[in-house]
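Asks:
In full-length UniProt numbering, the protein residues as written are 1 to 186.
(1) Suppose you measure from the CA of residue 7 to the CA of residue 19; what does that come to, to the nearest Å?
(2) Using the three-state DSSP reduction, which class does residue 137 fall into: helix, strand or coil?
(3) With contact counted as at least three CB pairs below 8 angstroms, one residue from each stretch, are the stretch 120–140 and the stretch 166–173 in contact?
(4) Relative to the ligand SAM, is the shortest distance from any of its heavy atoms to the C-beta of residue 146 smaller than 6 angstroms?
(5) Have a look at residue 76 and residue 112 and give me their C-alpha separation to the nearest angstrom.
(6) Within 8 angstroms, do at least three Cβ pairs link the stretch 87–96 to the stretch 132–145?
(7) Quick check on the DSSP output: what are the complete beta strand (DSSP E) runs of length 3 or more inside the UniProt domain "Casparian strip membrane protein" (23–170), in order along the chain?
(8) Using 8 angstroms as the threshold, is the stretch 43–51 in touch with the stretch 97–109, meaning 3 or more CB pairs across them?
(9) Which one of 184, 139, 137, 40 has the shortest CA to CA distance from residue 78?
(10) Going straight from the alpha carbon of residue 178 to that of residue 29, what length do you get?
(11) Could you tell me whether the Cβ atoms of residue 33 and residue 70 are closer together than 7 angstroms?
(12) Considering only their Cβ atoms, is the gap separating residue 128 from residue 72 smaller than 7 angstroms?
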């Protein structure tokens, strides 16, 4: 009976549990990609719309803080937007893996691009984290003063933006491991 199923082009009975597990992994991959899209898109929007100003002595002299005053924050926004676009496009391959769970080449391509996007997003988030740390703590040796006492709302939004980005980094790490497990099962 088993040989007849193989000759007719059907999958042997032994592959059914393996295929079901790979489909489950593919569904989890799809859901995790959506979570990462939400994290990166939310981070880009939160950082990109961050702006605060306060009067110094009079209403005519105002100090302002915007995300694009610092190239590091601009790089952070660009990195999050690029990774968001990639994750949205990768949802198509994730759907393909749900339908065809034994695809190896596309999983390998996803692993490679996921690692590249992980490195890109990590570099943007790490650089922005260094600036946020200086904004909160300052550096007395370099005479850089902590600005978060004056720009409290700005610092809170920027810090929240970093949280979303680091959640996406964690999800991308898990996606790479998940894709590697699915690839090793084929």
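Ideal Cβ positions, reconstructed from N, Cα and C, are used throughout, including at glycine.
Replies: So, from the listed chains and residues:
(1) Low per-residue confidence applies at residue 7: pLDDT is 47, beneath 50, and the placement is therefore not dependable, though the value from the model is reported in the following sentence. The straight-line gap from Cα to Cα measures roughly 19 angstroms.
(2) helix
(3) Remark: three or more beta-carbon pairs, one from each stretch, lie closer than 8 angstroms, so the stretch 120–140 and the stretch 166–173 are flagged as touching.
(4) Of ligands this structure carries none, so the ligand SAM is not represented either.
(5) 21 angstroms
(6) no
(7) 51–55, 62–66
(8) no
(9) 40
(10) 7 angstroms
(11) no
(12) yes
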